[in-house]
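Asker: Counting in my numbering, the sequence shown runs from 287 upward without gaps.
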Amino acid sequence: MIPTPSYAHLSREDFKDVYEPAVYLCTDLNPHATRCTRLTGLSNSIPLNPVLTDLTSALLPRLERSVDVLVFNPPYVETEDDEAEMAQEGGVIERAWAGGKGGMRVTDRLLEQVESLLSDRGLFYLVAVPENKPLEIIEQMQARGLHGEASDWTVN
């Protein structure tokens, strides 16, 4: 079990631009998120070197068929596509949640890559909400030869 990291080294100001980081090999399009992730790793004696990139683009083809666990927390809130596009270009906190039509604008792009990223024993975890139609996502992944299931977690 990986312990919950300490965030004492970050200020309230830092969290205006990012979600709290909790990753090992990580990428993000948001430079504030990569900085906070690196600092969180240092503060918890975990050497992290977050990569500032769009999804996995800076790591291909090196990552092909070598990812054992892929965890993706995309911008999944359903918004107008133009709102999602402005958020992704604007470098604001909205880029972390504005997901466009069906909340799937960024998720759809990663789903196209999952099969080529996962190792033979690889697992893929995706954070989604009902508006993202998780069962349809699973069907898409099954069409690519992968197996999937939905978990209904509720945090109280």
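Cβ atoms here follow ideal geometry from the backbone N, Cα and C, with glycine treated the same way.
1. Check this for me: beta carbons of Gly389 and Asp354, under 7 angstroms apart or not?
2. Unbroken alpha helix (DSSP H) runs of length 4 or more, entirely within the segment 403-437: which are they?
3. Using 10 angstroms around the beta-carbon of Pro347, count the other beta-carbons present and answer buried if the total reaches 16, otherwise exposed.
4. Using alpha carbons as the reference points, say which of Arg351, Arg395, Pro336, Leu356 lies closest to Tyr362.
5. Buried or exposed for Asn335, going by 16 or more other Cβ atoms inside 10 Å?
6. In terms of residue numbering, what span does the alpha helix (DSSP H) encompassing Asp367 cover?
7. Among Ser352, Ile424, Ala384, Pro360, which has the Cα closest to the Cα of Ser405?
8. Around the Cβ of Gly386, are there at least 16 other Cβ atoms within 10 angstroms (buried) or fewer (exposed)?
9. Around the Cβ of Asp314, are there at least 16 other Cβ atoms within 10 angstroms (buried) or fewer (exposed)?
Answerer: Reading from the atomic positions:
1. no
2. 420-429
3. exposed
4. Arg395
5. exposed
6. 367-376
7. Ser352
8. buried
9. buried
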